[in-house]
Amino acid sequence: MITFIGKDITPLTAGDYRRIAAKYDLESPHVRAVVAVEAGASGFWSSGRMKLLYEGHVAYRETSGALRAKLVKAGVAWKRWGDVPYGKASQSRARLKKAIQIAGDRAYRWASYGLGQIMGFNAELCGYPSAKAMYEAFLENEAAQLDGMMGFIKSRGLLEALRREDWHKFAEGYNGSGYRKHGYHTRLENAYLNSLGTPSPILAVGSSVVLSVGSKGQRVKELQRMLGVDADGHYGRRTKAAVIKFQVEHGLKNDGIAGPKTLAALQARSRTNRKLAVATGLGAGLIPLVAILVDQFKEIINAIF
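For the numbering used here, count along the sequence shown from 1 and bump the result up by 8.
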């Protein structure tokens, strides 16, 4: 008899993220970003039942003849997506149960499951021998659901884009050509930065933001934090001097204006420093200290040579 109750419904732990990341040669923040943007808040309801959505139009598409007619008559197959509302979660469970009674184990292909809402017909792509096998694995815990989701990402050839933090390529491969419209690439990058211990960047890489003497507000505060100067939100001579110093060190036009190229370089340095802090176990709270120590080391080397 089909069961919907998970064996362990506790949320993902830091250890789960580390294990999954190691399995796919990624960093934990990469996996966390994918979960934050592409997965639901959890893989189970508070009742302990696994989350699933039954898709009657898939059942219709994958069947024909007498079997299709029987499914249609039972109200678990319909011609087009949207012909029948999803309804409550209990309706999806009831429809899947009825479809299994009529069509057997192949009906597991006609619903999506768990954290990533992976469709059953993608089971083989995720590394499972059948949709039923994937369903049963997903009942174990959220870690198993995440592992299946990462298997799907691997099968789509997207692991390398994730490793390189090529958010555009990853978002296009996972979400389709309309990813820009919904900002999936930006959401993934922001989630990745958040997982490293930094707030979502107001100064988004690739934006047209230009800050200079006289600028005020939150964007200036973020710029000042990245530069390591007092974040008072006012772009004055002190901030301009810090910008010029950074531009000289990074081979940029040293005009004291924080335009797209300067901001992109600042973001890149911030990301590198945060990776260093995470990799060495220092934690996000000591990242400013890392940046200061790096700058001091540069000054010592320059003084010697």
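Ideal placement from N, C-alpha and C gives every residue a C-beta, glycine not left out.
For the stretch 220-239 against the stretch 266-279, are there 3 or more C-beta pairs whose distance is under 8 Å? yes
Are the CB atoms of valine 84 and alanine 107 within a distance shorter than 8 Å? yes
Buried or exposed for alanine 292, please, with buried defined as at least 16 other CB atoms from any protein chain shown within 10 angstroms of its CB. Its pLDDT being 42, under 50, alanine 292 is placed unreliably in this model, and the coordinates cannot settle the point.
Expected contact under 8 Å - CB spacing of alanine 266 and valine 256 to nearest Å: Alanine 266 to valine 256, Cβ: 14 Å. No contact.
Start-to-end residues for the beta strand (DSSP E) that takes in alanine 239: Alanine 239 -> no beta strand (DSSP E), and no H or E assigned at all.
Cβ neighbours of methionine 127 in the same chain (closer than 6 Å, five flanking residues each side left out): Ser120
Just to confirm, is the Cβ distance from glycine 56 to glycine 122 under 8 Å? no
Using only the alpha-carbon positions, how far apart do isoleucine 295 and arginine 27 sit? In this prediction, isoleucine 295 has a pLDDT of 42, which is less than 50 and means its spatial position is unreliable; what the coordinates show is noted afterwards. Each residue's alpha carbon lies about 25 Å from the other.
Applying the 10 Å Cβ sphere with the 16-neighbour rule, what's the burial state of isoleucine 13? exposed
Under the rule that 16 or more other beta-carbon atoms within 10 Å means buried, what is proline 93, buried or exposed? exposed
Close-in-space but distant-in-sequence residues of the same chain around glycine 181 (CB under 8 Å, 5 per side omitted): Arg164, Gly165, Leu166, Ala169
Considering leucine 60, what are the terminal residues of the beta strand (DSSP E) in which it resides? 60-62
Answer yes or no: do glutamate 150 and leucine 20 have a C-beta to C-beta separation smaller than 8 Å? yes
Cβ contact (3+ pairs, closer than 8 Å) linking the stretch 53-69 and the stretch 190-201: no
What residues in its chain sit with their C-beta under 6 Å from that of isoleucine 17, if we drop five residues either side in the sequence? Phe52, Gly56
Closest by CA to arginine 279, which one among Lys31, Met9, Pro37? Pro37
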